[in-house]
Amino acid sequence: MADLSSTFAGIRSPNPFWLASGPPTNCGEQIQRAFEAGWGGAVWKTLGDPIVNVSSRYSSVDWNGQRMMGLNNIELITDRPLETNLREITEVKKRFPQHAVIASIMVDSNREAWHTIVKRCEDAGADGLELNFGCPHGMSERGMGSAVGQVPDYACMITEWVKEVARTPVLVKLTPNVTDIRMVARAAKRAGADALSAINTINSITGIDLDTLTPRPNVGGMSSHGGYCGPAVKPIALHLIQQIAADPQAVLPLSGIGGISGWREAAEFILLGCGTVQVCTAAMHHGYRIVEDMIDGLSNWMDDKGFRTIEDFRGLSVPKITEWKHLDLNYKIVARINRETCIGCDLCYIACWDGAHQCIHFDARPPAGITVTPVSRPEALRATGGPTPPARIPHVDETECVGCNLCWLVCPVENCISMAKIDTGAPPQSWAQRTEA
Amino acid sequence: MTASSVVPANLERFPDLHPALDSQSAVAEANRCLFCYDAPCTAACPTHIDVPRFIRKIGSGNLRGSALTILDANILGLSCSRVCPVDVLCEGSCVMHRYNKKPIEIGRLQRYAIEHGKASIACPAPGDAALNVACVGGGPASLSCAAELRRHGARVTVFDNRPLPGGLNTYGVAEYKLRPTDSLREVEMIRAMGVEFRQAEIGGAIPLSQLEAEFDFIFIGVGLGAMDRLGIPGDQLPGVIDALRFIERYKTQPSFAPGRTVIVIGGGNTAIDAANAAVRLGAQDVHLFYRRTPNEMPAFPFEYDHAKIEGVRFHWLAKPIAVVEVAGRAAAVRFANTRLTGPAGDGRQTIEVIPDSEYEVACDTVIPALGQSRLTSTLHLEINGSSVAVDRPTGRTSNPKYYAGGDCVNGGREVVDAVADGKRAALGMLSNGMAKHG
Numbered sequence: 005m006a007d008l009s010s011t012f013a014g015i016r017s018p019n020p021f022w023l024a025s026g027p028p029t030n031c032g033e034q035i036q037r038a039f040e041a042g043w044g045g046a047v048w049k050t051l052g053d054p055i056v057n058v059s060s061r062y063s064s065v066d067w068n069g070q071r072m073m074g075l076n077n078i079e080l081i082t083d084r085p086l087e088t089n090l091r092e093i094t095e096v097k098k099r100f101p102q103h104a105v106i107a108s109i110m111v112d113s114n115r116e117a118w119h120t121i122v123k124r125c126e127d128a129g130a131d132g133l134e135l136n137f138g139c140p141h142g143m144s145e146r147g148m149g150s151a152v153g154q155v156p157d158y159a160c161m162i163t164e165w166v167k168e169v170a171r172t173p174v175l176v177k178l179t180p181n182v183t184d185i186r187m188v189a190r191a192a193k194r195a196g197a198d199a200l201s202a203i204n205t206i207n208s209i210t211g212i213d214l215d216t217l218t219p220r221p222n223v224g225g226m227s228s229h230g231g232y233c234g235p236a237v238k239p240i241a242l243h244l245i246q247q248i249a250a251d252p253q254a255v256l257p258l259s260g261i262g263g264i265s266g267w268r269e270a271a272e273f274i275l276l277g278c279g280t281v282q283v284c285t286a287a288m289h290h291g292y293r294i295v296e297d298m299i300d301g302l303s304n305w306m307d308d309k310g311f312r313t314i315e316d317f318r319g320l321s322v323p324k325i326t327e328w329k330h331l332d333l334n335y336k337i338v339a340r341i342n343r344e345t346c347i348g349c350d351l352c353y354i355a356c357w358d359g360a361h362q363c364i365h366f367d368a369r370p371p372a373g374i375t376v377t378p379v380s381r382p383e384a385l386r387a388t389g390g391p392t393p394p395a396r397i398p399h400v401d402e403t404e405c406v407g408c409n410l411c412w413l414v415c416p417v418e419n420c421i422s423m424a425k426i427d428t429g430a431p432p433q434s435w436a437q438r439t440e441a
Numbered sequence: 028m029t030a031s032s033v034v035p036a037n038l039e040r041f042p043d044l045h046p047a048l049d050s051q052s053a054v055a056e057a058n059r060c061l062f063c064y065d066a067p068c069t070a071a072c073p074t075h076i077d078v079p080r081f082i083r084k085i086g087s088g089n090l091r092g093s094a095l096t097i098l099d100a101n102i103l104g105l106s107c108s109r110v111c112p113v114d115v116l117c118e119g120s121c122v123m124h125r126y127n128k129k130p131i132e133i134g135r136l137q138r139y140a141i142e143h144g145k146a147s148i149a150c151p152a153p154g155d156a157a158l159n160v161a162c163v164g165g166g167p168a169s170l171s172c173a174a175e176l177r178r179h180g181a182r183v184t185v186f187d188n189r190p191l192p193g194g195l196n197t198y199g200v201a202e203y204k205l206r207p208t209d210s211l212r213e214v215e216m217i218r219a220m221g222v223e224f225r226q227a228e229i230g231g232a233i234p235l236s237q238l239e240a241e242f243d244f245i246f247i248g249v250g251l252g253a254m255d256r257l258g259i260p261g262d263q264l265p266g267v268i269d270a271l272r273f274i275e276r277y278k279t280q281p282s283f284a285p286g287r288t289v290i291v292i293g294g295g296n297t298a299i300d301a302a303n304a305a306v307r308l309g310a311q312d313v314h315l316f317y318r319r320t321p322n323e324m325p326a327f328p329f330e331y332d333h334a335k336i337e338g339v340r341f342h343w344l345a346k347p348i349a350v351v352e353v354a355g356r357a358a359a360v361r362f363a364n365t366r367l368t369g370p371a372g373d374g375r376q377t378i379e380v381i382p383d384s385e386y387e388v389a390c391d392t393v394i395p396a397l398g399q400s401r402l403t404s405t406l407h408l409e410i411n412g413s414s415v416a417v418d419r420p421t422g423r424t425s426n427p428k429y430y431a432g433g434d435c436v437n438g439g440r441e442v443v444d445a446v447a448d449g450k451r452a453a454l455g456m457l458s459n460g461m462a463k464h465g
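As they're listed, the protein sequences go chains A and B.
Residues in the first sequence are numbered from 5 upward in steps of one, following the working numbering.
Residues in the second sequence are numbered from 28 upward in steps of one, following the working numbering.
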């Protein structure tokens, strides 16, 4: 049985699954229920000076009949009194001393203000601090959140202020709304941050109501850009995590965030170097109970792979990402279509012709005649089911196939198209090697 | 769309066989479609509706575009969505079958698109040189032919001898598949395209010679004639009513009831429709007698299954010998047992009667469903077998002024086949007319 316990930048938790700062961590009652459901830690919804929220705060992108592929919000930091939140932090830590409670904080760019909030959170019993340099909407207009995270010097300065007084580990939460996330990550590291969390939400407008022409969410006929999250952002988050993990000047213990809704995504973030992962949208969609399968699934996968602890596989995929110029130009694969399982939808054919390299072909099809409804019994039987007509089964010209994978990606039938490795006889050679020579 | 019926009680007695989809399930079902390239469902449709295209438009919320995609290929797309035997057409050819998945519900999606698409088809006004065409018969073949001609600017008049146009769509389709009001809605759409409808008996009040003088072309879409008689003693007694007249009567006469025990004779889809209807109309015992076995029965397997669920009892290898009269009415049918004696020339098993095997079954109504006679004798057109002979791609008959399609050409197939015939004939006339007018 795998051991999921985690020590992240000195913060202990029973597992690496933390709730990210957001609506699911708004109050102590919620966080206690989350810990009962199995979450290992929680980052409290950002504490700071009092704000007022708008009504109508979220909007989403549905895809192909599924709800909330991506979620967008224009909610600000906590709208509860600081004293209440601090009292509840103390209560939660008393009931759940083994679980990680991190205080997310954001105040005006003023040394005094930061010193005060750091001390009050630590006095309340927080196990660590997460500096919210990522919130991209509302707070950024007031010079906080991503307004700090987009300027390495500001991020460095505020992190230094915090580190002047902090006794607990300090995480800096990064915004993806920058051209190179490593610049801010390096600044945080220079300032003495203990860990980084990434990513915060991505600037977004999710869509427009085509009847009213008002973008969503609709706040009295107007909208505003929000922060995008949910399954849609995972690939972006993974890339940014990898950028930091592979940069010696930036790398610190990483808490991965962005589109994690199950154990598979969690494993991916850990394979790219994360020590903990944080979840928000999936818990908003389905409730805290999703953590049960995250724990169970990750644990079973680790058993299957022979990993005893999180550290056993953390970062194993980082060295498998390199610059394009180091990829082997003589590695060759081609598509193969299994004639037994092909159902004749011919999506691979049109994808190859219109979207790829024109190397999938048919044998000549019989000319179309006049179609009539089968009325006799044998005619009717022929009309349903039966094997795929040979004329509908495409084949690949392997001499022309560039191995782009597109047909394999569009094929709806599992294992019908496979990409087979071809031995070209040529030794591996990268672009870098070729241009050196 | 509110449901209505000529006979209001039928709404309850004959609820939709396949209920309409609501918008969420329609979008979910549409999103299941793989959007096959050169899709087999489109090839399997006699009118070649671009099925993946109209389904994709349902998924995108472009319902008017979806409806127009359907109507562009098949002007009777609504009735076809209800009456087509989709299991042996579009849905039968769906690639999902080969992936152990349920085929896409193309028929129900098609109904959804048309009922919600609010599509109307704009047609050019007929110019001075426009073709002038008479369509004889008001059923699906003529309606399709007329609509296609109007879309190309021709002038069209449809002649039908019944009070309501629509042919079998109005009078002959089982009520749980299509109601007369739905058929008439399609007629109204075609009328709005500029087609003129006239009730008249061609060959009677209006002689063919008059049509020949007045019109450039004449399309014959008269369907088939009356149903065949049993040809046994008593087959004209009160209480004997053929399946098509039976269906027409329950669809149009509110007080019609078939009695307690009903005997249906025949093994085709119309026999099944009549037997199911008898059950819904309150008959306690409905027996269907067929002289061969289930293996030879021409009805589609899903129709047979449906009738079994309705409670119709099937009796095989039974040939009617006589209808027995009591007090001037049919009171029973005398049957003899048969046996199969091996394949005949057309591959169908021939039968012989087993001597001394006769028995009687009492009943209140006898419904023969043996097929329809041909109406072609008065037309002076070349006949192939007992159907009007045409050049299939153009519908042109032996007389270049006449085109034909639908049941009178194909011997009695589905609505969708009649629509395809009518459309081909319209295009045939248009290209012929073009050549004529230079």
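Each residue gets a CB set at the ideal place from its N, CA and C atoms; glycine is no exception.
Hey, out of the options, whose CA is closest to residue i's CA?
i                 : options                                   : result
Ser63 of chain A  : A:Pro391, A:Gly266, A:His289 and A:Arg91  : A:His289
Val350 of chain B : B:Ile268, B:Leu191 and B:Leu195           : B:Ile268
Val54 of chain B  : A:Phe21, A:Gln70 and A:Cys31              : A:Gln70
Gly211 of chain A : A:Leu302, A:Ala195 and A:Tyr232           : A:Tyr232
Leu178 of chain A : A:Val105, A:Leu258 and A:Glu116           : A:Leu258
Ile348 of chain B : B:Arg318, B:Ile336, B:Glu323 and B:Gly338 : B:Arg318
Glu134 of chain A : A:Val105, A:Asp157, A:Ala128 and A:Arg84  : A:Val105
Pro35 of chain B  : B:Cys435, B:Tyr277 and B:Ala452           : B:Tyr277
Asp312 of chain B : B:Pro285, B:Leu98 and B:Asp300            : B:Pro285
Val188 of chain A : A:Asp332, A:Gln253 and A:Pro221           : A:Gln253
Asn188 of chain B : B:Cys162, B:Gly412 and B:Pro207           : B:Cys162
For residue i, count neighbouring C-beta atoms within 10 Å of its own C-beta (all shown protein chains included) and say buried if the count is 16 or more, exposed if not.
i                 : result
Pro382 of chain B : exposed
Ile426 of chain A : exposed
Trp48 of chain A  : buried
Tyr430 of chain B : buried
Asn196 of chain B : buried
Ala395 of chain A : exposed
Met110 of chain A : buried
Return helix, strand or coil for residue i, following the three-state DSSP convention.
i                 : result
Tyr232 of chain A : strand
Tyr353 of chain A : helix
Thr184 of chain B : strand
Thr297 of chain B : helix
Pro219 of chain A : strand
Asn19 of chain A  : coil
Thr288 of chain B : strand
Closer than 7 Å by C-beta to residue i: which residues in its own chain qualify, once you throw out the five before and the five after it? Chain order, please.
i                 : result
Met28 of chain B  : Legend: pLDDT at Met28 of chain B = 45, less than 50; position of this residue unreliable, value from coordinates given subsequently. Excluding positions up to five away in sequence, the list reads Glu142.
Val169 of chain A : His119, Val122 and Lys123
Pro73 of chain B  : Val443, Asp444 and Ala447
To the nearest angstrom, how far is the alpha carbon of residue i from that of residue j?
i                 : j                 : result
Gly104 of chain B : Gln137 of chain B : 7 Å
Thr320 of chain B : His342 of chain B : 9 Å
Pro192 of chain B : Val222 of chain B : 12 Å
Val115 of chain B : Glu418 of chain A : 27 Å
Asn296 of chain B : Val379 of chain A : 10 Å
Val33 of chain B  : Glu385 of chain B : 42 Å
Ser144 of chain A : Gly260 of chain A : 22 Å
Ala46 of chain A  : Met226 of chain A : 33 Å
Thr216 of chain A : Asn222 of chain A : 10 Å
Ala452 of chain B : Lys145 of chain B : 27 Å
Lys331 of chain A : Thr439 of chain A : A quick correction: the sequence has Leu, not Lys, at residue 331 of chain A. Roughly 13 Å separates the two Cα atoms.
Gln226 of chain B : Leu235 of chain B : 15 Å
Cys284 of chain A : Phe100 of chain A : 20 Å
Gly465 of chain B : Leu44 of chain B  : Note that Gly465 of chain B scores 46 on pLDDT, short of 50, meaning its location in the model is unreliable; the coordinates nonetheless yield the value given after this. If I take the Cα positions, the gap works out to 50 Å.
Gly32 of chain A  : Gly74 of chain A  : 27 Å
Might you give, ordered along the chain, the residues of its own chain that have their beta carbon closer than 6 Å to the beta carbon of residue i, omitting 5 neighbours on each side?
i                : result
Phe21 of chain A : Trp43, Gly44, Val295 and Met298
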